[in-house]
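Residue numbering for the sequence shown follows this note's numbering, beginning at 90 and increasing consecutively.
The C-beta atom is built at its ideal place from N, Cα and C for all residues, glycine as well.
Predicted model, so just to flag it, every value in this text is computed and none were measured.
Structure first, commentary second.
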Amino acid sequence: MHEQINILVKLQDLDLSIGKVEETKENYPRRIELLKEKLEEKRRIADLNREKLESLENDRRKKERVMEQEMEKIRKSEEKLLSVKTNKEYQAALKEIVLTKESNSQREEDVLNVLEELDILRKELKEKEEDFMATSREFDKEESELTAKLEEFKNQLAEKVKKRGELSSKIGPELLQTYENIKKHRQEIAVVPTRNGFCQGCYMDIPPQLSNEVQKGMDLIFCPNCNRILYWENSS
Ligand SMILES: [Zn+2]
């Protein structure tokens, strides 16, 4: 029994480390996914800034076109001014010129404001694009690191699983089944040492008689409280 329990303890260590590797391995794709989401968010922000900039550029071009048309109107009105016959006609044409010039100077001011806004937007866009590029480089680097680690974990896992097969073949099928059952119901821990008369699985005291049996290591002894397989720590 002694030797069998020794192997069980080793098997349990191996199972625990397999569990850890599996857990880490499962976390990695999620980490890559989170990084990707962060990157996509930055791309979206840069795209929004770019759209805003393009729409304002269109606005500016429209305003400038109207200004040019109005300038043309002024030029024609000024030509007309040379050929009017009456003073009344002259006054009317002059008034029209003045009004058009006034509204055009308002437009000019508008365009200047838009140009200022465009400057700010361009700077913002540049920052957002640089931010996206930096995150993108960071993502590429982390993704390849995580992928390499994932590969390493897969290899580690394969090796451990192979070793587990070797170990479990050295344990009797009945004992192995008992081990698996306890493990399932006792948070992955099926074999525990006794220390100073206490079970190290549930920390309840073990009756001295039973403790002696554990120390002898002749039979399979279970903790009366948590039902785990007990072993004498010094004997392992
Ligand atoms: Zn116990």
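Just to confirm, does residue i get its C-beta within under 6 Å of one of the non-hydrogen atoms of ligand 1?
i	result
arginine 329	This structure cannot settle anything about residue 329, because the visible part of the chain is limited to 90 through 325.
asparagine 314	yes
glycine 290	yes
Residue range of the alpha helix (DSSP H) that residue i falls in?
i	result
tyrosine 268	262-274
proline 282	Taken as a continuous stretch (DSSP letters only), proline 282 belongs to no alpha helix (DSSP H), being part of the beta strand (DSSP E) at 280-284.
glutamate 159	91-172
lysine 251	176-257
Just reading off the beta strand (DSSP E) that residue i is part of, what are its end residues?
i	result
leucine 309	Taken as a continuous stretch (DSSP letters only), leucine 309 belongs to no beta strand (DSSP E), as it is neither H nor E.
DSSP has residue i in a bridge; who is on the other side?
i	result
aspartate 294	Phe287
tyrosine 320	Pro282
With a Cβ-Cβ cutoff of 7 Å, do residue i and residue j count as a contact?
i	j	result
isoleucine 121	glutamate 232	yes
arginine 317	glycine 290	yes
glutamate 322	isoleucine 310	no
*Given 8 Å as the limit, is there contact between the region 271-284 and the region 93-112, that is, 3 or more CB pairs closer than that?*
yes
_Segment contact flag, the region 214-224 with the region 122-141, C-beta cutoff 8 Å, min 3 pairs_ = yes
_Assess contact between the region 208-221 and the region 133-148, defined as three or more Cβ pairs (one per stretch) separated by less than 8 Å. Is contact present?_
yes
*Three or more beta-carbon pairs under 8 Å between the region 188-201 and the region 156-168, yes or no?*
yes
*asked:* If contact is defined by three or more beta carbon pairs under 8 Å, each pair taking one atom from either stretch, is the region 106-122 in contact with the region 246-265?
replied: With contact defined as three or more Cβ pairs closer than 8 Å, the region 246-265 and the region 106-122 are in contact.
_At least three beta-carbon pairs within less than 8 Å, the region 258-271 to the region 113-127_ = no
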